Amino acid sequence: MEEYAREPCPWRIVDDCGGAFTMGMIGGGVFQAVKGFRNAPMGIRHRFKGSVSAIRIRAPQIGGSFAVWGGLFSTIDCGLVKMRGKEDPWNSITSGALTGAVLASRSGPLAMVGSAMMGGILLALIEGVGILLTRYTAQQFQNSNPFGEDPSQLSLKDSPTPPGYPGYGQYQ
Numbered sequence: 001m002e003e004y005a006r007e008p009c010p011w012r013i014v015d016d017c018g019g020a021f022t023m024g025m026i027g028g029g030v031f032q033a034v035k036g037f038r039n040a041p042m043g044i045r046h047r048f049k050g051s052v053s054a055i056r057i058r059a060p061q062i063g064g065s066f067a068v069w070g071g072l073f074s075t076i077d078c079g080l081v082k083m084r085g086k087e088d089p090w091n092s093i094t095s096g097a098l099t100g101a102v103l104a105s106r107s108g109p110l111a112m113v114g115s116a117m118m119g120g121i122l123l124a125l126i127e128g129v130g131i132l133l134t135r136y137t138a139q140q141f142q143n144s145n146p147f148g149e150d151p152s153q154l155s156l157k158d159s160p161t162p163p164g165y166p167g168y169g170q171y172q
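Take the sequence shown: its position 132, counting from 1, is numbered 132 in the UniProt record's numbering, and each next residue is one higher.
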């Protein structure tokens, strides 16, 4: 799946890092709000304070973790684009696998292999769905002609004369 609206490679890293941070902050904020609400003592005021406290403490950490993943993924992806000379789904799949391996490197080789496989499989699924959606929408718009024939552009020979009406060819 080709993306034409993406930034060039050096700025793509910053863009993806910021986007991942934002996703982590929003998703982590929602998750931590529910978790803080459920784990707080009884009473709406205590529960609201528990929600806000959990968001304030934990959401930036989750956003930072997402930003690290997004930045490392984009860095590896840009390196693969430069090294291979082309931008295709294999770069994303390989980047996902290598990102998973690098981020799990402190946990040992077994964790690295498992995370690499999960990252590669996840990105392969994402790329596959993207390709299928692109092909489906291309087929959908390829066969349809949104504009019918313009009747003013048809010649008189092509247009049938309705029964009971004389031809209007003499007036043109």
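Backbone N, C-alpha and C fix where the C-beta goes; we use that ideal spot for every residue, glycine too. The structure displayed is predicted, hence computed values, not measured ones.
- Rounded to the nearest whole angstrom, the C-alpha separation of LEU80 and PHE37 is 44 Å.
- Beyond the five residues adjoining it in sequence on each side, ARG6 comes within less than 7 Å, by CB distance, of ARG12 in the same chain, given in chain order.
- Here the C-alpha atom of GLY130 lies approximately 15 Å from the C-alpha atom of GLY96.
- When Cβ pairs closer than 8 Å are counted between the two stretches, the segment 38 to 48 is seen not to touch the segment 63 to 70, the count staying below three.
- Taking 8 Å as the upper bound for CB-CB distance, PHE31 and GLY63 are not in contact here, some 12 Å apart.
- By the Cβ neighbour-count rule, GLY85 is exposed, with fewer than 16 other Cβ atoms within 10 Å of its own.
- Under the criterion of beta carbons closer than 8 Å, ALA116 and ALA101 qualify as touching, at roughly 4 Å.
- The residues ALA101, ALA104 and SER105, in chain order, have a CB closer than 6 Å to that of MET112 in the same chain once the five nearest residues on each side in sequence are set aside.
- In this structure THR99 touches ILE76 by the C-beta definition: roughly 6 Å separates them, less than 8 Å.
- Per DSSP, ALA40 lies in no alpha helix (DSSP H) and is assigned neither H nor E.
- Annotation for PRO89: the continuous alpha helix (DSSP H) segment containing it runs 89 to 103.
- The C-beta of MET42 has fewer than 16 other C-beta atoms within 10 Å across all chains shown, which makes the residue exposed.
- DSSP places PRO8 outside both helix and strand once states are collapsed to three, so it counts as coil.
- A residue is called buried once 16 or more other Cβ atoms fall within 10 Å of its Cβ, and MET25 is buried on that count.
- Secondary structure of GLY108 (DSSP, three-state): coil.
- Taking the CA atoms as reference points, GLY18 sits about 24 Å from SER53.
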